[in-house]
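Undergrad:
Numbering (this note's numbering), first residue to last: 1445 to 1617.
1) Please confirm if the stretch 1559 to 1570 is in contact with the stretch 1498 to 1509, defined as three or more CB-CB distances below 8 Å between the two stretches.
2) Starting from residue 1556, trace the alpha helix (DSSP H) both ways and give me its first and last residue.
3) Taking the alpha-carbon positions, what's the residue 1528 to residue 1519 distance?
4) Among 1473, 1546, 1452, which one has its Cα closest to the Cα of residue 1513?
5) If we ignore side chains and look at the alpha-carbon of each, how far apart do residue 1614 and residue 1580 end up?
6) Which one of 1592, 1574, 1526 has the shortest CA to CA distance from residue 1584?
7) Taking 6 Å as the limit between beta carbons, can you name the residues of its chain near residue 1398, skipping five residues before and five after?
8) Opposite residue 1503 in the DSSP bridges: which residues?
9) Out of 1543, 1592, 1604, point me to the one whose CA is closest to residue 1465's CA.
10) Give the straight-line distance between the Cα atoms of residue 1553 and residue 1568, rounded to the nearest whole angstrom.
11) On the CB-based measure, 16 or more other CB atoms within 10 Å of its CB, does residue 1605 come out buried or exposed?
12) Assuming residue 1537 contacts residue 1507 under a Cβ cut-off of 8 Å, what Cβ separation, rounded to an integer in Å, is found between them?
13) Would residue 1478 and residue 1453 be called neighbours here (beta carbons separated by less than 8 Å)?
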């Protein structure tokens, strides 16, 4: 049985970490602290994924951090290990789907999500999206609650929670 207190603590840590503006690192750091996956090098590797891949609005950085945590736990160590590659990709797909399902549920979305792009998640959560590479729009995003408790911080918490649950379930066999 997955330790729900540990999972909740990881979610809370990712939520708090996002106050430092870096969704991918917020999630990965919470997974590192709570589950011992990765190291300083993997945390550094997650730096540029914030804001949907270097503020481009592409893949959700929180989800990228969660997938990095999963990959650090079960990913392949040798390129020749194709079964490990396939298994981790399959698990990553399941993690992504559960992440989207939880976002829909926790935000009470009327329509199912069809994308994990940062800009699409912004649209679904806020009713609009911002170009985070533009300093004025980034400021407007923040002033509109983009780093508030019910926004990217919550998204980071959800991503970390889903990854932590999956990693712990895998460890339990």
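The beta carbon of each residue, even a glycine, is placed where N, CA and C say it ideally should be. These figures come from a predicted structure and were not determined experimentally.
TA: Checking against the coordinates, here is how it stands:
1) yes
2) That residue, residue 1556, is in no alpha helix (DSSP H); it is neither H nor E in DSSP.
3) 6 Å
4) 1473
5) 43 Å
6) 1574
7) No answer is possible for residue 1398: the residues shown for the chain start at 1445 and end at 1617.
8) 1561
9) 1592
10) 7 Å
11) buried
12) About 12 Å; that fails the 8 Å criterion.
13) yes
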